[in-house]
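Residue numbers (the numbering used here), protein chains in the order written: chain A, 1 to 388; chain B, 1001 to 1388.
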């Protein structure tokens, strides 16, 4: 089976706001083969910048675009997917965006491989069983403790047994302000639910400020404190981890496997959060899952796109029962909500399950694709390198 | 003084070959201000992918293009350059290519600041003196030991007291083949010159293969063994560093300051090689220089573009006498060789010096720019986002 076709779809809402909402646009990658089997993948990345990685003119032996590297490649076994990835990494060694851009293609190749072999992706990765996962609601803190308490009550009323609160006023006021926000989240969720706190990188490199908070937040039995620092402040993570009474989470900014390994080994995180749509697809996300198993950490997905991305993320770690959490994109746009079927809704027990269908197990709705597609045209030296 | 204008120039030779020669194309960034002072910078990156980072539509609060973030910004002091960089990092947090793309703009801002304040850039960075540096010739191994010996003799005859040999057949044959290449390089350069060996990432993650070589190469008194592993194989670097009788060098793949810090702290390199045109400009390159001072390593530039890039690199570490090496791009294309004046040729003592002129101290030749410019046009949703 050979790769014969790569199509890129830049999908976006008509108006993009400055909100921290990743479901306002997306880059969908379609790969076709000479066997007639096709697959889709999704990148969590700037669509235009990533599209340029598929069509950029070569600069030298280490800057060659993805299309040129993978068109015509043979893809018959899971090992082929790893071989092609290594080739893309090598030929794109000096393209920084290579991981964000290639993620969609890697996911599409796993989709194709599963359809060809009649197996869900998690089985191709070597797992025998896909365990159900507990989705956690993910919301912003309210502007006040009162608003935060109300949001927490709504989530609890909707049946969530776990919820993450983040960003907003956290870290912008006094220590007592921060504590009041966490107290309100706990109060609204009730004493038996899990509460996660996402600090939104607010303390920069200041581990003392973060430690003061962690000590106070511990009274409210939070599951984790997420991204207290700038993503690159690994040394600050490591210092905080030595003294913090609450466990740390981070990693959504991992563009490479080493970034995640660095955070696991030197940042002392207990939860490593990986976005398969950023790190280069299911293949490297699975590599980080293996590192998490090795280092005794808990692997958690980071997902803020459509359910296609959620399925891709879930296949990578569904096989490990201990990795029980699932970040579940909630307040999705009409683009993200309608892009594919099935929607991976939680079951009556509140847990989310893969369907067991071959490949990713989701189907793209081409009407939604047509409705939200933005045409792109890139010309260099008078020649059209990309159109569509 | 406000930033009023950003112009991007994609320059390239008519025919790009698959050689490992980074001087075949470049991205030149021009910034204009309302004070009439202008500056230039250069990126070592895919020009098209990086141009997309200057014009991509916003996706959400963390994907905003560079042009939108910096146009209209006030730039009166060196602190403004740091403030603007932090803003670009924050607004571009989820654009993987942000560092490669912004590098040229950061360099242009330092050029502008120096011209405004009538100071060379190294002084604005806090250094009182710019020390001359010893350039090392950088060539590929010949296909045979005999060819390698001849190349080394030519370099020695041209006056080079230090030379780096890399890639080619290194690591592709037997241990004895590799040793023969190093022996030939040493023989051709003579006993008193410095010889560096660049393994071109050839041993992947295999520290035992690299250690065998390091032990044998030590007989030939090499200054360093560069990039024995894949850039992300920091753990392998660390294991090798513990036992290697020769010192290790690496870091040209550093797209972030943390990548370099990781290599310094956990990879055990003695020489950290940074490309200001990749890591995001002079500002983060200088941050790594400070880390090298802190960790007792030697900072070395990585440069494979025009002398504009060489000047930008040199300003960042000229002030530290102990950092005595200078990677000096040699076999440059007509594009790289003619892009700017002066050419920073070695003096009669074989050393390279900055000129002391304000800013970067080099002037762009606009005839060369016109001769090699490739027009680019990017349209999204029928709207031209970039033309020129």
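Where a beta carbon is used, it is the ideal one built from N, C-alpha and C, also for glycine.
Straight-line gap, residue i to residue j (C-alpha atoms, nearest Å)
i, j, result
"residue 41/A", "residue 226/A", "27 Å"
"residue 1273/B", "residue 1290/B", "13 Å"
"residue 1159/B", "residue 1139/B", "15 Å"
"residue 321/A", "residue 1309/B", "52 Å"
"residue 66/A", "residue 10/A", "17 Å"
"residue 137/A", "residue 198/A", "12 Å"
"residue 1224/B", "residue 285/A", "34 Å"
"residue 1142/B", "residue 97/A", "33 Å"
"residue 43/A", "residue 1349/B", "53 Å"
"residue 179/A", "residue 147/A", "14 Å"
"residue 1387/B", "residue 1101/B", "17 Å"
"residue 1269/B", "residue 1233/B", "12 Å"
"residue 25/A", "residue 237/A", "32 Å"
"residue 1017/B", "residue 61/A", "8 Å"
"residue 305/A", "residue 339/A", "10 Å"
"residue 230/A", "residue 267/A", "12 Å"
"residue 181/A", "residue 302/A", "23 Å"
"residue 1153/B", "residue 1164/B", "13 Å"
"residue 71/A", "residue 1131/B", "50 Å"
"residue 111/A", "residue 64/A", "25 Å"
"residue 1337/B", "residue 1314/B", "17 Å"
"residue 155/A", "residue 195/A", "11 Å"
"residue 354/A", "residue 135/A", "13 Å"
"residue 1145/B", "residue 1121/B", "43 Å"
"residue 271/A", "residue 108/A", "27 Å"
"residue 133/A", "residue 326/A", "6 Å"
"residue 1095/B", "residue 1276/B", "18 Å"
"residue 188/A", "residue 162/A", "12 Å"
"residue 1083/B", "residue 200/A", "20 Å"
"residue 1183/B", "residue 1212/B", "15 Å"
Bridge partners - residue i, DSSP secondary structure assignment
i, result
"residue 1039/B", "1031/B"
"residue 198/A", "166/A and 226/A"
"residue 1301/B", "1274/B"
"residue 181/A", "Paired residue(s): none; residue 181/A is not in a bridge."
"residue 7/A", "30/A"
"residue 1002/B", "1074/B"
"residue 1025/B", "1012/B"
Limits of the unbroken alpha helix (DSSP H) element including residue i
i, result
"residue 1131/B", "Careful: residue 1131/B lies outside any alpha helix (DSSP H) and carries neither H nor E."
"residue 1274/B", "Element bounds for residue 1274/B: not the alpha helix (DSSP H) but the beta strand (DSSP E), 1271–1274."
"residue 264/A", "257–266"
"residue 1155/B", "1145–1157"
"residue 1284/B", "1282–1295"
"residue 142/A", "Taken as a continuous stretch (DSSP letters only), residue 142/A belongs to no alpha helix (DSSP H), as it is neither H nor E."
"residue 1243/B", "1234–1243"
"residue 1122/B", "1121–1124"
"residue 207/A", "207–217"
Residue interval of the beta strand (DSSP E) (run including residue i)
i, result
"residue 249/A", "248–250"
"residue 16/A", "It is not in any beta strand (DSSP E) - residue 16/A carries neither H nor E in the DSSP assignment."
Contact test: residue i Cβ vs the ligand PLP heavy atom, cutoff 7 Å
i, result
"residue 1212/B", "This structure lacks the ligand PLP, and indeed carries no ligand of any kind."
When you compare the region 44–57 of chain A with the region 373–384 of chain A, are there three or more beta-carbon pairs, one atom per stretch, that lie closer than 8 Å? yes
At which residue ranges does the region 303–386 of chain A contain complete beta strand (DSSP E) runs of 3 or more residues, listed in the order of the chain? 325–327 and 376–380
Run through the region 1056–1119 of chain B for me and flag every whole alpha helix (DSSP H) of 4 or more residues, listed as ranges in chain order. 1066–1070, 1078–1091 and 1098–1117
Measuring CB atoms only, is the region 296–313 of chain A touching the region 30–39 of chain A, in the sense that at least three cross pairs come out at less than 8 Å? no
For the structure I just gave you, are there three or more beta carbon pairs, one from the region 1111–1121 of chain B and one from the region 1352–1370 of chain B, closer than 8 Å? Output reads yes: the region 1352–1370 of chain B touches the region 1111–1121 of chain B.
Answer yes if the region 87–97 of chain A comes into contact with the region 1083–1090 of chain B, meaning at least three C-beta pairs across the two stretches below 8 Å, and no otherwise. no
Could you say if the region 1251–1262 of chain B and the region 1061–1078 of chain B meet the contact criterion of at least three C-beta pairs nearer than 8 Å? The answer is no - the region 1061–1078 of chain B does not touch the region 1251–1262 of chain B, with fewer than three Cβ pairs under 8 Å.
The region 3–22 of chain A touching the region 330–343 of chain A, judged by at least three CB pairs closer than 8 Å: yes
Can you confirm whether the region 235–245 of chain A touches the region 1213–1226 of chain B when touching is taken to mean that 3 or more C-beta pairs between the two stretches lie within less than 8 Å? no
Of the residues that make up the region 13–29 of chain A, which ones have a beta carbon closer than 9 Å to any beta carbon in chain C? In the structure shown, chain C cannot be found, because the protein chains are A and B.
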